[in-house]
Ligand code: DER
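Numbering (the working numbering), first residue to last: 2 to 225.
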């Protein structure tokens with residue numbers, strides 16, 4: 002339906018930033034799917050790039066689209082990362098992790114010279130927090146970790162899929178934390194990050210260079 006057309010338009014637009022010889026951070030999610038599909042067409046036409054996938058699902062799509070892959074044993078700095086988001090605030094801070102790939106996404110995005118976020122207009126918010134914040138936690142003692150997050154004012158819900166506990170690509174659990182509003186995302190990220198048992202949060206702070214937003218009439222490119 003319409004939102005899928007917006008995702009496709011935003012995802013495909015990002016390919017314009019990809020130049021021959023680049024090492025690309027391949028994000029995760031249904032919007033980035035369209036970036037990967039379009040990139041595969043350019044690779045078929047001779048574009049010479051390599052990508053590091055930020056999830057097993059993205060790795061599968063990259064292979065399907067014959068995008069050559071590499072990894073951090075070969076490169077430590079990527080030229081550009083293209084990723085999606087669940088929420089984008091006016092400072093370009095993000096909530097991510099809806100798809101459960103936030104740790105590898107942050108690893109890929111943080112080591113790229115430029116981070117481009119592709120999204121449909123529904124992801125733009127005035128303040129982060131309505132989308133439950135995904136937090137990746139160690140399975141060992143997750144109940145205690147959840148209690149500490151609760152003390153920060155959230156209702157943490159252990160993510161399940163098909164009646165069993167969701168396991169991330171890194172073998173960890175994800176708590177979807179219902180804060181409702183996050184007034185200071187940077188402060189909350191640091192409070193969570195230093196908690197014993199927390200692996201990583203879905204708050205991507207001060208990382209985004211450009212957002213590509215598709216809506217009713219247009220695809221907007223906004224630099225930070
Ligand atoms: O899980 C993630 O972080 C994804 O990037 C997600 O935030 C975007 O998913 P979508 O493009 O399928 O909406």
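Note that the Cβ used here is the ideal one computed from N, Cα and C, for glycine as well.
For residue 25 and residue 197, the rounded distance between their alpha carbons: Spanning the two alpha carbons is a distance of roughly 32 Å.
Segment contact flag, the segment 83-90 with the segment 12-30, C-beta cutoff 8 Å, min 3 pairs: Contact between the segment 83-90 and the segment 12-30 is present, because at least three Cβ pairs lie under 8 Å.
Any heavy atom of the ligand DER within a distance shorter than 6 Å of the CB on residue 32? Residue 32: yes, Cβ under 6 Å from the ligand DER.
Of the listed residues 39, 54, 55, 56, nearest to residue 48 (C-alpha basis): 39
The beta strand (DSSP E) with residue 211 in it runs from where to where? 211-215
Less than 8 Å between the CB atoms is what I'm expecting for residue 134 and residue 208, so what's the real figure, rounded? So it is not a contact: roughly 16 Å between Cβ atoms.
For the beta strand (DSSP E) that residue 179 lies in, which residues bound it at each end? Per DSSP, residue 179 is one residue of the beta strand (DSSP E) stretching across 174-179.
Spatial neighbours of residue 206 in its chain, beta-carbon cut-off 7 Å, leaving aside the 5 residues before and after: 94, 186, 187, 190
Span of the alpha helix (DSSP H), counted from its first residue to its last, around residue 182: Premise fails: residue 182 is in no alpha helix (DSSP H) and is neither H nor E.
Looking only at its own chain, which residues have a Cβ that is under 8 Å from the Cβ of residue 128, when we skip the five neighbours before and after it? 90, 182, 183, 184
Indicate whether residue 36 and residue 8 have their beta-carbon atoms separated by less than 7 Å. no
Burial state of residue 76, where buried means 16 or more other Cβ atoms lie within 10 Å: exposed
At which residues does the alpha helix (DSSP H) containing residue 51 begin and terminate? Looking at the DSSP string, residue 51 is not in any alpha helix (DSSP H); the run it does join, the beta strand (DSSP E), is 51-54.
Alpha helix (DSSP H) runs wholly inside the segment 54-104, at least 4 long, in chain order: 57-65
Taking 6 Å as the cut-off, is the beta-carbon of residue 184 closer than that to any non-hydrogen atom of the ligand DER? no
N- and C-terminal bounds of the beta strand (DSSP E) containing residue 156: 156-159
Are there three or more Cβ pairs, one per stretch, closer than 8 Å when the segment 165-179 is compared with the segment 95-109? yes
Going by the beta-carbon positions, is the gap between residue 214 and residue 122 smaller than 7 Å? Yes; because the gap between Cβ atoms is below 7 Å, this pair is in contact.
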